[in-house]
Amino acid sequence: MASEKTDAIMIRIVEFSESSCIATMFTRDFGKIGAMVKGARRPKSPFESAIDLLTISRIVFIHKSTDSLDLLTEAKLQRRFRAATRSLPHLYAGYYIAELLDALTHTGDPHPDLYELTQETVIQLDELQDPLSLVVRFELNLLRMIGQKPSFENCTLCGLKVPRQPRIAFGQLSGGVLCGKCRVGQSRVISLSWGVLEAMRLFSVCDTPLPSIDPMVMGELRGVLNNYMANMMGRRPRMQKLLSMLGRPATIRDDALSLLRKAETQTDLRNNTTSTGEMDKDVLNESRFSENN
Ligand SMILES: [Zn+2]
Numbered sequence: 015m016a017s018e019k020t021d022a023i024m025i026r027i028v029e030f031s032e033s034s035c036i037a038t039m040f041t042r043d044f045g046k047i048g049a050m051v052k053g054a055r056r057p058k059s060p061f062e063s064a065i066d067l068l069t070i071s072r073i074v075f076i077h078k079s080t081d082s083l084d085l086l087t088e089a090k091l092q093r094r095f096r097a098a099t100r101s102l103p104h105l106y107a108g109y110y111i112a113e114l115l116d117a118l119t120h121t122g123d124p125h126p127d128l129y130e131l132t133q134e135t136v137i138q139l140d141e142l143q144d145p146l147s148l149v150v151r152f153e154l155n156l157l158r159m160i161g162q163k164p165s166f167e168n169c170t171l172c173g174l175k176v177p178r179q180p181r182i183a184f185g186q187l188s189g190g191v192l193c194g195k196c197r198v199g200q201s202r203v204i205s206l207s208w209g210v211l212e213a214m215r216l217f218s219v220c221d222t223p224l225p226s227i228d229p230m231v232m233g234e235l236r237g238v239l240n241n242y243m244a245n246m247m248g249r250r251p252r253m254q255k256l257l258s259m260l261g262r263p264a265t266i267r268d269d270a271l272s273l274l275r276k277a278e279t280q281t282d283l284r285n286n287t288t289s290t291g292e293m294d295k296d297v298l299n300e301s302r303f304s305e306n307n
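Start counting at 1 in the sequence shown, then tack on 14, and there's your number in my numbering.
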């Protein structure tokens with residue numbers, strides 16, 4: 015059993031016993047790992063605030079055999095996720111990113127590029143940069159890094175370049191644009207504006223400043239990505255509906271924030287575990303994906 019050292023971002027924390035918890039972390043060198051944290055819940059825990067959602071820490075852990083949990087032995091806090099106490103939209107954007115990472119990466123599959131992107135996104139959320147733009151950029155680059163990037167230019171079935179036109183067919187199942195010939199007979203095809211495709215291209219690059227996008231285009235893009243991510247995960251992400259509301263005009267946003275607070279009482283979000291409350295029913299109802307052929 016080797017002792018390993020790496021940087022880690024906490025993406026899920028589940029209580030295990032009165033004093034211990036199981037932490038899921040996305041690490042720089044080992045990808046996602048799950049580790050038992052003994053004594054984490056004691057008042058004078060040696061881990062202190064390193065075991066909080068989206069904290070960035072330098073950790074030491076004992077790598078166990080494939081079928082048992084690793085054991086976290088040290089966690090030195092590098093950066094707290096301070097957005098948690100300052101802004102709900104940023105807090106929920108952070109939770110959404112943690113949920114995506116947990117759902118779409120495999121244990122022990124290293125992705126240093128994705129670690130860098132996650133760390134940068136968490137820091138930018140902490141700096142209160144635009145949460146919806148940060149989420150979109152994270153989603154599109156996450157998809158690229160795990161080999162699931164949607165095709166924006168060439169038909170996903172025949173490979174021909176799709177010419178510029180006001181509306182373009184986008185196959186949710188084929189994972190990208192479709193030419194006029196190939197879209198016939200396909201299910202779960204939506205019609206996208208050229209502006210949305212352009213925005214997706216701009217957000218797919220992660221080493222440039224965040225693009226500034228027209229709110230109408232952003233709303234359409236959010237709808238497309240909501241369905242795309244749900245298809246990828248096989249379920250609707252828990253945080254998605256709440257995030258979508260935050261992108262809408264202020265009055266709807268105020269309603270969304272009160273819904274968020276209500277949801278918080280039903281869902282233990284700090285531990286990223288769900289109870290069967292109203293929120294889940296809403297999410298389930300919405301998970302019948304829209305199909306507008
Ligand atoms: Zn085609």
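A virtual CB, placed ideally from N, CA and C, is assigned to each residue, including glycine. Just so it is clear, the structure is predicted and the values come from calculations on it, not from any experiment.
Subject >> Beta-carbon spacing of L157, H104 below 8 Å >> reply: no
Subject >> D43 classed as buried or exposed, judged by whether at least 16 other C-beta atoms fall within 10 angstroms >> reply: Burial is judged here by how many other beta carbons sit within 10 angstroms of a residue's own beta carbon; D43 has fewer than 16 and is exposed.
**OP:** Run the proximity test for D187: is its beta-carbon closer than 7 Å to any non-hydrogen atom belonging to ligand 1?
**Re:** The sequence shown places Leu at residue 187, not Asp. L187: no, Cβ never under 7 Å from ligand 1.
Subject >> Unbroken beta strand (DSSP E) run spanning F75, endpoints >> reply: Residues 70-76.
Original post:
Does the beta-carbon of L154 have 16 or more other beta-carbons within 10 angstroms, so that it is buried, or is it exposed?
Top reply: Around the beta carbon of L154, a 10 Å sphere encloses 16 or more other beta carbons of the protein chains shown; the residue is thus reported as buried.
Subject >> Member of C193, R151, V176, S201 whose CA lies at the smallest distance from the CA of L239 >> reply: R151
**OP:** Look at the alpha carbon of S59 and the alpha carbon of Q179, and state the distance between them as a whole number of angstroms.
**Re:** Approximately 60 Å between the Cα atoms of the pair.
Subject >> Opening and closing residue of the beta strand (DSSP E) in which G185 lies >> reply: 181-185
**OP:** Take L187 and list the residues in its own chain whose beta-carbon comes closer than 6 Å to its own, dropping the five residues that flank it on each side.
**Re:** R202
Original post:
Which class does I25 belong to by DSSP, given the choice of helix, strand or coil?
Top reply: Of the three classes helix, strand and coil, the one that applies to I25 here is strand, per DSSP.
Original post:
By Cβ distance, which residues of its chain are closer than 7 Å to C35, with the 5 residues on each side in sequence left out?
Top reply: I27, V28, E29, V51, A54, R55, I65
Original post:
Which runs of the alpha helix (DSSP H) spanning at least 4 residues fall entirely within the stretch 199-267, listed in chain order?
Top reply: DSSP assignment within the stretch 199-267 yields the following whole alpha helix (DSSP H) runs of 4 residues or more, N-terminal first: 208-217, 229-247, 254-260.
Original post:
If you run the structure through DSSP and keep just helix, strand and coil, what is G189?
Top reply: coil
**OP:** Within its chain, find whatever has a CB closer than 7 Å to the CB of M246; leave out the 5 residues flanking it on each side and keep chain order.
**Re:** Sequence-distant Cβ neighbours of M246 in its own chain, meaning closer than 7 Å and more than five residues away, are L118, Q162.
Original post:
For C196, does the three-state DSSP call read helix, strand or coil?
Top reply: Of the three classes helix, strand and coil, the one that applies to C196 here is helix, per DSSP.
Subject >> Proximal residues to E88 (C-beta, below 7 Å), its chain only, five neighbours per side dropped >> reply: I73, V74
**OP:** Please determine, among E32, A22, L115, the residue with the shortest C-alpha to C-alpha distance to M253.
**Re:** L115
Original post:
By Cβ distance below 8 Å, which residues in the same chain neighbour D123 in space, the five residues on each side in sequence not counted?
Top reply: G45, K46
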